[in-house]
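Student: Just dropping this structure here.
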């Protein structure tokens, strides 16, 4: 068996192949590499640390089950993992319960959450906010201004247009572009 | 002991090593917590809404999101103790802080006319409602607004010369919640706030509280002191309704102080119920049952969409009215709820009720909303 250090240098595709081949060290490396991103995504969707932690466990159990079907299309498996997270979240919302099918398949035992675990998730969320803070600041000036006035200050489009001396359509486009840029940036791991 | 995430890693790793992920087998039973937590509307919001909410939070905190506005210079009119005790009152006023016109009479007049005012009869000592709101001398131009991230709750604070009023607005109810009006903390002349709190307001199965800067953290704890820290934003916190053995406490520099209930309630000493819609022909009532003779504090709220505004639920239509009542009753009791009427008949309403029992009391209380 390879050392853990060796695993950590392997690509996502190699690690996932290792998972499919029953290599628990490969899973450990994959898990540690992508857990923060998965937690960030789930936290931003649920805004609840407990749900985030619970869903993350289900996501990685689902990753283990789906490893054999993974077909690498990107240098990173992050989009695949986030896709699994998104599906898990969607199924959970439809059912009104946190999905647990994958964990049941693997026979996992319930794990108790403690304050320190929740604090860890909250710390990750805080990091996300810090990241967003930077992303907003990095928007082009016209988009940033429009997003601030519309999203932050909740001003009417007409009011903003008057202030910026442009048409409502222009304001709407700037806000839309600004939010699209933020969404795009946030999707990147 | 390993943390939650390490244990998950180990368990999944062990399952992988055993090949469990490659075979199909019978499912073992594991817990599946409800996702239907009270913050559902936000949780199921799309990614855009999340971005918007986070962006709002970030910019309000980082840039302050606030620029001086005419009227900000009136800060000296606010009771200095309020400015000292509530951080939100030390932030400059911006256009985002303006009370929307859909609030009855711009908010302040509505509060002073008693539209949101409460009739509080606490069974426990705690923050007391100002009986004469006019005595506070509200300064609506200095109103502060804050969104409590991740909750869908917006908090409003209207400061005054001798106190303040605050109320909340949620995405799930049709109108702003009743205002809580309190005097200046630690002011012997008013002494309306004798703790680190400024009161609590309820919606659905949640409570929103507003606390002073003395509070370093707010926690929802059980009888053994275990629990979790609630996010605190500009003095506001949101908590699920505490269970029978739970309590919301404030962590201050001088120790732990109870926020809600003011004292630990006895087992089953707190109960809640809600009815989303009351039909136009029914007569709703709140029924308290349990240990006979026990005195319970009943807090109920009702928001009604009058005919004509029903077509736009969720919008802050002028045809929406809110009612609140807070009083203590001996168990058993039945409290009839009077319906507002408009020219077209009875409106449809949403009623929520919470009953609590003081710590020193022995017994249980249950609350139910009935329609006949």
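Protein chains in written order, with my numbering: chain A, 4 to 192; chain B, 15 to 386.
Note that the Cβ used here is the ideal one computed from N, Cα and C, for glycine as well.
Taking the straight line between their C-alpha atoms, what separation do you get for residue 322 (chain B) and residue 382 (chain B)?
Tutor: Start at 1 with the first residue of the second chain, and residue 322 (chain B) comes out as number 308. Start at 1 with the first residue of the second chain, and residue 382 (chain B) comes out as number 368. Residue placement at residue 322 (chain B) cannot be trusted, given a pLDDT of 47 that sits under 50; the coordinates are not used to answer.
Student: Taking Cβ to Cβ, would you say residue 299 (chain B) is nearer than 8 Å to residue 384 (chain B)?
Tutor: Locating residue 299 (chain B) in the second chain gives position 285, where the first residue counts as 1. Locating residue 384 (chain B) in the second chain gives position 370, where the first residue counts as 1. Taking 8 Å as the Cβ cut-off, residue 299 (chain B) and residue 384 (chain B) qualify as a contacting pair.
Student: Does residue 150 (chain A) pass the burial test, meaning 16 or more other C-beta atoms within 10 Å, or should it be called exposed?
Tutor: Within the first chain, the letter at position 147 stands for residue 150 (chain A). Burial call: buried.
Student: Buried or exposed: where does residue 76 (chain A) fall if 16 or more other Cβ atoms within 10 Å of its Cβ makes it buried?
Tutor: To locate residue 76 (chain A), count along the first chain from 1; it is residue 73. Answer is exposed; the Cβ neighbour count stays below 16.
Student: Residue 61 (chain A): buried (16+ other C-beta within 10 angstroms of its C-beta) or exposed?
Tutor: Taking the first chain and counting its residues from 1, one reaches residue 61 (chain A) at position 58. Residue 61 (chain A) comes out buried.
Student: What did DSSP end up calling residue 81 (chain A) once you bin it into helix, strand or coil?
Tutor: Your numbering for residue 81 (chain A) matches position 78 in the first chain. Of the three classes helix, strand and coil, the one that applies to residue 81 (chain A) here is helix, per DSSP.
Student: Between which two residues does the alpha helix (DSSP H) containing residue 20 (chain A) stretch?
Tutor: In the first chain, residue 20 (chain A) corresponds to position 17, counting from 1. Counting along the chain, the alpha helix (DSSP H) containing residue 20 (chain A) begins and ends at 15 to 23.
Student: Against chain A, does residue 183 (chain B) count as a neighbour if the rule is that its beta carbon must be under 8 Å from one of theirs?
Tutor: Indexing the second chain from 1 puts residue 183 (chain B) at position 169. No - not a single Cβ of chain A is within 8 Å of the one on residue 183 (chain B).
Student: So residue 101 (chain A) and residue 57 (chain A) are supposed to be a Cβ contact under 8 Å. How far apart are they, rounded?
Tutor: For the purposes of this step, residue 101 (chain A) is taken as the residue at position 98 of the first chain. For the purposes of this step, residue 57 (chain A) is taken as the residue at position 54 of the first chain. Contact flag correct, Cβ pair sits at about 5 Å.
Student: Just the chain B side, please: which residues come within less than 8 Å of residue 117 (chain A) by C-beta, in chain order?
Tutor: Counted from its first residue, the first chain places residue 117 (chain A) at position 114. Simply 17, 18.
Student: Kindly list, in the order they appear in chain D, the residues whose Cβ is closer than 8 Å to that of residue 120 (chain A).
Tutor: The structure shown has no chain D; the protein chains it does contain are A and B.
Student: Could you give the first and the last residue of the continuous alpha helix (DSSP H) run that contains residue 35 (chain B)?
Tutor: Counting from one through the second chain, the residue named residue 35 (chain B) turns up at place 21. No alpha helix (DSSP H) contains residue 35 (chain B), which DSSP labels as neither H nor E.
Student: Residues in its own chain within less than 6 Å of residue 270 (chain B) by CB, not counting five upstream and five downstream?
Tutor: As a position in the second chain, residue 270 (chain B) is number 256, starting the count at 1. So the list reads 263, once near-sequence residues are dropped.
Student: Helix, strand or coil: which one does DSSP assign to residue 156 (chain B)?
Tutor: For this step, residue 156 (chain B) is matched to residue 142 along the second chain. Here residue 156 (chain B) sits in helix by DSSP.
Student: With the cut-off set at 8 Å, would you say residue 31 (chain A) and residue 27 (chain B) are in Cβ contact?
Tutor: Numbered from its first residue, the first chain carries residue 31 (chain A) at position 28. Numbered from its first residue, the second chain carries residue 27 (chain B) at position 13. Yes.
Student: Alpha carbon to alpha carbon, how far is residue 83 (chain A) from residue 67 (chain A)?
Tutor: Along the first chain, one-based indexing puts residue 83 (chain A) at 80. Along the first chain, one-based indexing puts residue 67 (chain A) at 64. Cα-Cα distance, rounded: 12 Å.
Student: Out of B:306, B:266, B:91, B:254, which has the shortest C-alpha to C-alpha gap to residue 236 (chain B)?
Tutor: One-based indexing of the second chain puts residue 236 (chain B) at position 222. When only C-alpha atoms are compared, the closest one is B:254.
Student: For a cutoff of 8 Å on Cβ pairs, would you count residue 26 (chain B) as touching chain A?
Tutor: Against the second chain, residue 26 (chain B) aligns to sequence position 12. Interface residue, yes.
Student: May I ask you to report which of helix, strand or coil DSSP gives residue 21 (chain B)?
Tutor: One-based indexing of the second chain puts residue 21 (chain B) at position 7. Reduced to three states, the DSSP call for residue 21 (chain B) is helix.
Student: Kindly list, in the order they appear in chain B, the residues whose Cβ is closer than 8 Å to that of residue 174 (chain A).
Tutor: The residue you call residue 174 (chain A) lines up with position 171 of the first chain. The contacting residues do not exist; residue 174 (chain A) stays about 16 Å from chain B at best.
Student: Using a Cβ cut-off of 7 Å, pull out every chain B residue sitting near residue 31 (chain A), in sequence order please.
Tutor: Here residue 31 (chain A) is taken as the residue at index 28 of the first chain, counted from 1. What residue 31 (chain A) touches in chain B: 23, 27.
Student: Identify which residue in B:157, B:152, B:261, B:151 has its Cα closest to the Cα of residue 106 (chain B).
Tutor: Against the second chain, residue 106 (chain B) aligns to sequence position 92. Of the listed residues, the one whose Cα sits closest to residue 106 (chain B) is B:157.
Student: Name the DSSP bridge partner or partners of residue 195 (chain B)?
Tutor: Residue mapping note: residue 195 (chain B) aligns to position 181 of the second chain, counting from 1. According to DSSP, which records beta bridges pairwise, residue 195 (chain B) is partnered with B:179.
Student: For residue 208 (chain B), which three-state DSSP category applies?
Tutor: Counting from one through the second chain, the residue named residue 208 (chain B) turns up at place 194. Confidence at residue 208 (chain B) is low in this model, with a pLDDT of 45, below 50, so its placement is unreliable and no value can be given for it.
Student: Please list the partners that residue 242 (chain B) has in chain A, where partner means a Cβ-to-Cβ separation under 7 Å.
Tutor: One-based indexing of the second chain puts residue 242 (chain B) at position 228. Correct list: 118, 121.
Student: Short check: CB of residue 310 (chain B) to CB of residue 274 (chain B), under 8 Å?
Tutor: Start at 1 with the first residue of the second chain, and residue 310 (chain B) comes out as number 296. Start at 1 with the first residue of the second chain, and residue 274 (chain B) comes out as number 260. No; because the gap between Cβ atoms is not below 8 Å, this pair is not in contact.
Student: Look at the alpha carbon of residue 92 (chain B) and the alpha carbon of residue 175 (chain B), and state the distance between them as a whole number of angstroms.
Tutor: Within the second chain, the letter at position 78 stands for residue 92 (chain B). Within the second chain, the letter at position 161 stands for residue 175 (chain B). When rounded, the distance between both Cα atoms is 5 Å.
Student: Between the Cα of residue 377 (chain B) and the Cα atoms of B:244, B:170, B:306, which residue gives the shortest distance?
Tutor: Here residue 377 (chain B) is taken as the residue at index 363 of the second chain, counted from 1. The shortest C-alpha separation from residue 377 (chain B) is found at B:306.
Student: Quick one: what does DSSP say residue 149 (chain B) is sitting in, helix, strand or coil?
Tutor: Indexing the second chain from 1 puts residue 149 (chain B) at position 135. Of the three classes helix, strand and coil, the one that applies to residue 149 (chain B) here is helix, per DSSP.
Student: Using the DSSP secondary-structure output, state which residues sit across from residue 343 (chain B) in a beta bridge.
Tutor: As a first step, residue 343 (chain B) must be located in the second chain, where it is residue number 329. In the DSSP output, where bridge partners are listed per residue, residue 343 (chain B) has B:310.
Student: Considering only residues of the same chain and omitting the five flanking positions on each side of residue 41 (chain A), which have a CB-CB separation below 8 Å?
Tutor: The residue labelled residue 41 (chain A) in the question sits at position 38 within the first chain. Same-chain partners within the cutoff: 59, 62, 63, 84, 85, 88.
Student: So residue 34 (chain A) is in the alpha helix (DSSP H); what residue range does that whole segment cover?
Tutor: Working through the first chain from its first residue, we reach residue 34 (chain A) at position 31. Counting along the chain, the alpha helix (DSSP H) containing residue 34 (chain A) begins and ends at 27 to 49.
Student: Under 8 Å between C-beta atoms, does residue 237 (chain B) make it to chain A?
Tutor: Here residue 237 (chain B) refers to the residue found at position 223 when the second chain is read from its first residue. For residue 237 (chain B), the answer is no, since every Cβ of chain A falls outside 8 Å of its Cβ.
Student: Please identify the residue among B:19, B:178, B:308 whose C-alpha is closest to the C-alpha of residue 117 (chain A).
Tutor: Counting from one through the first chain, the residue named residue 117 (chain A) turns up at place 114. Taking only the C-alpha atoms, the option nearest residue 117 (chain A) is B:19.
Student: So, helix, strand or coil for residue 164 (chain B), using DSSP?
Tutor: Walking along the second chain from the start, residue 164 (chain B) turns up at place 150. Three-state result, residue 164 (chain B): coil.
Student: Taking C-alpha atoms, which residue in A:153, A:70, A:180 lies nearest to residue 167 (chain A)?
Tutor: Against the first chain, residue 167 (chain A) aligns to sequence position 164. If we check each option's Cα against that of residue 167 (chain A), A:153 comes out closest.
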